[in-house]
Amino acid sequence: MRIISGKYKGKKLLGDNIKGTRPTMDRIKESLFGMIQNKIKNSTCLDLFAGSGSLGLEAISNGASTCYFVDNNKIVIDVLNKNLNEVENATIINSDYSKALFMFKEKNIKFDIIFLDPPYKYGLINPAIEKIIEYDLLSENGIIVCEYEEEEIYCDLEIIKEKKYGSKNIRIYQN
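If you count the sequence shown from 1, position 11 lands on 17 in my numbering, and the numbers rise without skipping.
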């Protein structure tokens, strides 16, 4: 597992063997970032359910001004600290996703890009999107990038891109 493009291209990432996580494959990540490339430069990003931090790191590598990485798994936090070593503009938050989203609301932080790639089969995308909308965490033209398998997603945001990769799906919503 590695960063595939930008400033940190080729940087190896740890975390492909953490129980309960499944890193985004390089070919999916490459396609995904091709879909959002015009949104990344100088953006404020959130990698919710960060895991190895692969998606947020790719965004920073490609010009995002900052990225917050949220996860509540202690092992994941240790891996994130190693993966983010020497990476600028990254903040790790060890918290449950709903508490972290509330904290962003309290601090009035808005995001241009939010990556939602929660553990599959827990039905976390819909509750996360509901909180993001309720707390008004997306910037005016902000996007939410969802990676999922079978979960049905319900929200009032506009779907701007959608792609299927075997059993994995990518859906991008815009505010």
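Note that CB positions come from ideal geometry on N, CA and C, so glycine has one too.
No Cβ-Cβ contact shorter than 8 Å links asparagine 114 with glutamate 146.
Three or more pairs of CB atoms, one per stretch, sit closer than 8 Å, so the stretch 53-61 contacts the stretch 118-131. Between glycine 12 and glycine 69 the beta-carbon gap is near 7 Å, inside 8 Å, which marks them as a contact.
Residues of the same chain with a CB within less than 7 Å of the CB of asparagine 89, apart from the 5 flanking positions on each side, are Leu19, Leu20, Gly21, Ser58, Gly59 and Leu63 in chain order. If you draw a 10 Å sphere on the C-beta of threonine 97, you find fewer than 16 other C-beta atoms in it, and that means exposed. Bounds of any beta strand (DSSP E) do not take in arginine 8, whose DSSP letter is neither H nor E. With contacts defined as CB atoms closer than 8 Å, tyrosine 154 and isoleucine 131 qualify as a contacting pair.
In the DSSP assignment, phenylalanine 55 falls outside any beta strand (DSSP E) and carries neither an H nor an E. DSSP places alanine 70 in no beta strand (DSSP E); its state is neither H nor E. A Cβ-Cβ separation of about 5 Å places isoleucine 119 in contact with cysteine 51 under the 8 Å criterion.
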